[in-house]
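Note sheet for the following structure.
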Amino acid sequence: MNRIIKAVGSFLSAFSGKLNIGQKIMAAGVGIAFAIMVSFGLVGTCITSSTIRHMAESDLAHITDNLYNLCNTHYEINRNIVQNNLNVADYFVNGRVRVMRNTIQQTTVEDQINREKSDISIFPLAVDGRSVFGDNSLIDQITGMIGGTVTLFQVIKKPDGLLRVATSVKKKDGTRAVGTFIPASSPVYQSVVSGQTYLGSAFVVDQWYITAYKPLYEGSEIIGAVYVGVKQSELDILKKSILSLKIGEKGYAYIMDNHEESKGTLVVHPSKTGESLYDARDADGNYYIREMLADKNGSRVLDIVNPEDNSAESKIVNYRSLDTMGWIIVAEADRNETYAPLRILRRVMMTMSIFVLVSIIALSAVFSGSIRRVVGRMKEFLGRISEGDYSSDIPQHDISRHDEFGQMAAMLNVLTANTRELLAKIKQTTEVLTSSIHDLTVSSREISATSNQQAASVKEIVSTMEDSDALSRKVASRIDEVARIAVQTRELVGKGFLIIEENLEKMEQIQKTNSETIEGVKSLGMQIESIWEVVNIINNIADQTKIIAFNAELEAAAAGDAGKNFRIVAGEVRRLADSTVSSTTQIKNKINEIQRSSDSLILASEKGTERIREGAKLSSRLKEVFGDILQSADVSADSSEQIVSSVKQQVVAFEQILITLKQISHGIEDFASTTKSTFKAAESLKESGESLRESLSNYRVSRD
Amino acid sequence: MDNNEILKKLSASGNGEEEQIEQVSYRKLVVFIVGEKQYAVDSAEVKEVVIISDLYFIPFVPAYVAGLINRHGEPHTVIDLGMMLENEKHPGGKVLVMNRQDDRIGFLITDIFRIITVPEKEISAIADAGSTSMLSGSLTLDGDEVFIINTREMYEKLERDIENI
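Same order as they appear, the protein sequences are chains A and B. Going letter by letter, the first sequence gives residues 271 to 974 in the working numbering. Going letter by letter, the second sequence gives residues 114 to 278 in the working numbering.
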């Protein structure tokens, strides 16, 4: 539905673009009328349709209810009859039936459900001491009295069941159903074996009956049962009343069997009684009968294709289950027949719609003609304006109209006058704006060029600064090394200074020792001097002795032979003196040597002293120099540390400068790109200004 | 020629007034040192050797007269042999007091050496010395040459020189 509305909307909007206002008004009138008619028609039809269906369904439901009640009543009545019949039958057989335990009878029995046969041996059942197995005379007598069917059952074991011993029930072939038995699975058997009388619908041999079974006792033992029953299908009154029922022209009611053995078999039907609809399908191929049988109660619409002449039928059905008899009661009505009033309604509404449409078209044509003329003139006027001609106004007779078009024309005249004024101002402003934009373009181009140059320069600076930064990092690392070396130098110089001090001390000690040595040597010289004196004295004495001896020798020589011995003695004395002199001479020589040695020693020592003094002087000068060096090394180490810190600060400063420069570079690049975009903006502004001026030149604001 | 003849000849030519107590064939000589040279005189001519204590300068005398010494109260003229023989001053500390009757003379010497007795024949005369020579002969003693002083000539020269003044 939504999709349809959308499609209609889009069609309308596409179509309305091509219409003038008069046509539109007419189209609107016709459209609205059509829409109203259609919606009335649709709503009316829908409501009517649903009402009709509802009514038909409720009618059908009433019919099925009534039929249900009818059938149920019929069933109740028949059940009462059956019960009465049972009492009669029971009267005949009760107390007369015994089991003959002295006789064994071989027989073949047949399961009435699955038709299975088996051979068994039984003690035969007897009435008044006479076996009744296969003897139907008593049963026929009873049947003659009460009608319907009567059977005498015997309880058998293996297979468990109730064996028909004597019966008036006949098989399809017309023979009596003696020898068949109700198997243990049947509710009848279970009820009888537990000593209960069974009342209700039951499958007897091959058909459904309204039945009653009563157990037969021998003492307290259940030995068999007596049965009476009426065939469900043999209900003539019911059939007649159902078949006489007509629903509309073509509708009717029917009953389907819902028992497991004969599902879908038509129990009562106007034309098809006894057929089975179990496999019937509708036009879509659904087994609708099976669905109905499963639903039991309900209502549905059926579209059926008749297989004989391919004619389509549409039906409304209502159905209800009568469980006591295993029936589905169905009431069926023809759909076309049911909906006949709806078709009449449609025809009436169609006629009305056409009439309404014609009258609306006429009215719209008259009304839209007037509007179209006014709108045409205004359209003309607005066409001039749209071409830029603001010089004319809407004529007075249109303004003097008293409707909205008149007001609109007056407002349009005011609007036109205002726009004329505005356009003149815009033209003036545009001239000024265009020249400004031109200036802006030129200056922004210059700015862009300058900023590009700046960006390039700053990039060069940045790269140079990066090199410098790298260089300063290298310098920093080298300076670190230098500082380290300076500190090492300072330590080494300090050690050297200490060594020199020690050296100086040693020098002073040496000097001291040396001067002591000289003193010692000098005092030794003095001692030797005194020895010298002693030796001189000795020498003197020896000399004098020698002289004396010599003189004595002279005297002895003068004395001649007499002084010969004396002369020898004198000679000895003189030789002694001589040897003394020679000894002393040796001593003298030694002393001289010693003195010479000591002199040379002193000389050498003094020279040594001088050297030592010079050494000491040199050492002290060295100390001074080293002190200076130490001071210089200190200063150098301090300076190098300061340099290191300065260089590090410089490195940091360089980094900061570099970062700042990079930021500047980025800024300038941004600025360059900004100016570029400014330039572009200015260019586009210029173009816009030009096109504005051009556009404005199309507008005519005065009559000339 | 035998030794005696040589001795006679020598004594005749050199020292005529010399005492000859012992055999002529031997001479006793006092050997002394002036400067570095060894000289000798006959031991008989020498009275004694003294070590000079004070030497008194005498003016107006020849240069080889060193001065006067006091010897037991008697003044002795001291002749510097170095100046006399070699015209050279030598250190001298001893005076050889000569044994003379008429005059008291001493020779200033460097040192006394020894008294030797040598055969006359070992003394060789200095051939061309002449009568005015201060040296009369020489001999070899232990490898060194020893000159024998002609004391007479020396005295004479002294007298002559003093008179010439």
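Cβ atoms here follow ideal geometry from the backbone N, Cα and C, with glycine treated the same way.
Based on Cα-Cα distance, which residue from the options lies nearest to residue i?
i, options, result
"A/Ile480", "A/Phe896, A/Ile347, A/Gln666 and A/Ser935", "A/Ile347"
"A/Met325", "A/Thr445, A/Arg349, A/Thr700 and A/Ala603", "A/Ala603"
"A/Ala952", "A/Ser705, A/Ala725 and A/Arg754", "A/Ser705"
"A/Val367", "A/Leu547, A/Ile769 and A/Leu486", "A/Leu486"
"A/Val644", "A/Trp478, A/Asp663, A/Ser634 and A/Asp668", "A/Asp668"
"A/Asn528", "A/Tyr483, A/Ser640 and A/Arg590", "A/Arg590"
"B/Glu161", "A/Ile317, A/Ala828 and A/Ala277", "A/Ala828"
"A/Glu850", "A/Ile351, A/Ile807 and A/Gln781", "According to the sequence displayed, residue 850 of chain A carries Thr and not Glu. It is A/Ile807 whose Cα lies nearest to the Cα of A/Thr850."
"A/Leu429", "A/Lys501, A/Ser388, A/Tyr459 and A/Ser401", "According to the sequence as given, residue 429 of chain A is Pro; it is not Leu. Selected option, being the one with the closest Cα: A/Ser388."
"A/Met620", "A/Ile938, A/Ser943 and A/Ala305", "A/Ala305"
"A/Gly311", "A/Tyr660, A/Gly499 and A/Arg616", "A/Arg616"
"A/Phe924", "A/Met735, A/Val538 and A/Phe637", "A/Met735"
"A/Asp750", "A/Val804, A/Ala819 and A/Ser909", "A/Ser909"
"A/Ser511", "A/Ile412, A/Thr334 and A/Leu422", "A/Thr334"
"A/Arg963", "A/Ser916, A/Gln698 and A/Glu911", "A/Gln698"
"B/Tyr169", "B/Val159, B/Ala157, B/Pro188 and B/Leu209", "B/Pro188"
"A/Glu894", "A/Ser935, A/Ser916 and A/Leu768", "A/Leu768"
Report yes or no: is there a C-beta of chain B within less than 8 Å of the C-beta of residue i?
i, result
"A/Gln856", "no"
"A/Leu824", "yes"
"A/Ile838", "no"
"A/Leu811", "What sits at residue 811 of chain A in the sequence shown is Ile, not Leu. Answer no: the Cβ-Cβ gap between A/Ile811 and chain B never drops below 8 Å."
"A/Ile817", "yes"
"A/Asn821", "yes"
"A/Ala832", "no"
"A/Ala827", "yes"
"A/Gln797", "no"
"A/Gln865", "no"
Is there a C-beta anywhere in chain A that falls below 8 Å from the one on residue i?
i, result
"B/Thr264", "no"
"B/Ser156", "yes"
"B/Gln136", "Its pLDDT being 47, under 50, B/Gln136 is placed unreliably by the model, and nothing is read from it."
"B/Ser144", "For the sequence presented, residue 144 of chain B should be read as Val rather than Ser. Output row for B/Val144: interface = no."
"B/Val259", "no"
"B/Glu161", "yes"
"B/Ile225", "yes"
"B/Ile182", "no"
"B/Ile228", "yes"
"B/Ile164", "yes"
"B/Lys270", "no"
"B/Glu131", "At B/Glu131, the pLDDT of 46 sits below 50, so the modelled position is not reliable; the number obtained from the coordinates is stated separately. No, B/Glu131 does not count as interfacial toward chain A."
"B/Asn277", "no"
Tell whether a beta-carbon distance below 8 Å holds between residue i and residue j.
i, j, result
"B/Leu194", "B/Ile222", "yes"
"A/Ile392", "A/Gln424", "yes"
"B/Ile192", "B/Leu271", "yes"
"A/Asp813", "B/Ile164", "yes"
"A/Asp549", "A/Ile574", "no"
"A/Gln353", "A/Leu469", "yes"
"B/Val259", "B/Ala176", "no"
"A/Val496", "A/Lys509", "no"
"A/Ile872", "A/Lys792", "yes"
"A/Phe362", "A/Leu433", "no"
"A/Phe473", "A/Val435", "no"
"B/Gly219", "B/Met211", "yes"
"A/Ala886", "A/Glu778", "yes"
Provide the residue(s) that pair with residue i in DSSP beta bridges, ordered along the chain.
i, result
"A/Glu531", "None; A/Glu531 has no bridge partner."
"A/Phe451", "A/Asp381 and A/Leu433"
"A/Gln353", "Answer is none; A/Gln353 lacks a bridge partner."
"A/Ala582", "A/Val575"
"B/Ile222", "B/Lys207"
"B/Ile192", "B/Val178 and B/Phe220"
"A/Asn588", "A/Ser569 and A/Ala601"
"A/Glu491", "A/Glu488"
What does residue i reach in chain E if we use C-beta pairs closer than 7 Å?
i, result
"B/Lys141", "Going by chain labels, chain E is absent from the structure shown, which instead holds the protein chains A and B."
**OP:** Note down, in chain order, all residues in the segment 770-783 of chain A with a beta-carbon under 8 Å from any beta-carbon belonging to chain B.
**Re:** none
Output needed in chain order: residues of the segment 197-208 of chain B with a Cβ under 9 Å from some Cβ in chain A.
Gly206 and Lys207
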